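Only one structure is covered here, and it is reproduced in the block below.
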Amino acid sequence: MSKDLERAIAGLSAGDHVLARGSDTRGHDVARSGYLLAAPEPRSIRHNGIPTPGWRVCVGPRGASLDDRSTWVGLVPGAASIGVTPEPDMSRWRRSVFSQTGARINRHGLRIIFGGRVYRGATEPIEETPVEIVYTGGGTYELVQHLGGPVHFTCSSRTEIWWAPVTGTDSNGAGW
């Protein structure tokens, strides 16, 4: 097994606030942020359709049931990661469909802090990335870290995301 993943898991204890990227019970990629509800347990995890030695971790809000499959994340070496993270200030974050950010076809220059797509069982954002929203046509929006830069995320107005309004400004007064 991967020594990096083994070291990361060995340094965890129940109650730590973590970000885990791995797979759900169906083998789909998933990212969960929250509290480690129990110690990681060695398990056979289905990866690319093949049972692979790995770990199951339960990540969610404090007090969530260990039987709630929406908290389960399968970690396999080379395809997963987990680490301790600071708790987000949830008073600034919103969980809603993308259209509630204020993005419109004819509105340009709108900036938000992108917290990630809302996955089933998600209780908090999984990232904190300042982005500018660009309408590309056909009901599709791209979130870019700066105009002309690479696309960070693509979605429709009905995609559910975590987001926060931009506060403060950068050195150019750009509102970051």
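Under the numbering used here, the first residue of the sequence shown is numbered 8, with each subsequent residue one higher.
Glycine is no exception: its CB is placed at the ideal position from the N, C-alpha and C atoms.
As the structure is a prediction and not an experimental result, all values here were calculated from the model.
Task: At least 3 beta-carbon pairs within less than 8 Å: the stretch 124-131 vs the stretch 32-40 - done: yes
TODO: Give a yes or no on contact between the stretch 77-85 and the stretch 102-117, applying the rule of three or more CB pairs nearer than 8 Å.
DONE: no
Open item on the list: I'd like to check one pair, residue 162 with residue 142: are the Cβ atoms closer than 7 Å?
Closed with: Taking the sequence shown and counting its residues from 1, one reaches residue 142 at position 135. Taking the sequence shown and counting its residues from 1, one reaches residue 162 at position 155. Going by C-beta atoms, residue 142 is not nearer than 7 Å to residue 162.
Task: Residue from 170, 53, 89, 45 with nearest C-alpha to residue 20 - done: In the sequence shown, residue 20 corresponds to position 13, counting from 1. The candidate whose alpha carbon is nearest that of residue 20 is 45.
Task: Nearest-angstrom Cα separation, counted from residue 61 out to residue 8 - done: Working through the sequence shown from its first residue, we reach residue 8 at position 1. Working through the sequence shown from its first residue, we reach residue 61 at position 54. Residue placement at residue 8 is poorly supported in this model, since its pLDDT is 44, which falls under 50; the coordinates are not used for a value here.
TODO: Please state whether DSSP places residue 16 in a helix, a strand or coil.
DONE: Translated into the one-based positions of the sequence shown, residue 16 becomes position 9. Correct three-state label for residue 16: helix.
TODO: Indicate the three-state DSSP secondary structure (helix, strand or coil) for residue 179 in the structure shown.
DONE: Residue numbering aside, residue 179 sits at position 172 when the sequence shown is read from its first letter. Since pLDDT at residue 179 reaches only 39, below the 50 mark, its modelled position is unreliable, and no value is offered.
TODO: Just mark residue 57 as buried or exposed, buried being the case when its beta carbon has 16 or more other beta carbons within 10 Å.
DONE: Within the sequence shown, residue 57 is the residue found at index 50, counting from 1. Its Cβ having fewer than 16 others within 10 Å, residue 57 is exposed.
TODO: Return the CA-CA distance between residue 115 and residue 109, expressed in angstroms with no decimal places.
DONE: As a position in the sequence shown, residue 115 is number 108, starting the count at 1. As a position in the sequence shown, residue 109 is number 102, starting the count at 1. Distance between residue 115 and residue 109, taken at the CA atoms: about 11 Å.
Open item on the list: Just to confirm before moving on: does the CB-CB distance between residue 136 and residue 79 stay below 7 Å?
Closed with: In the sequence shown, the residue the question calls residue 136 occupies position 129. In the sequence shown, the residue the question calls residue 79 occupies position 72. No; because the gap between Cβ atoms is not below 7 Å, this pair is not in contact.
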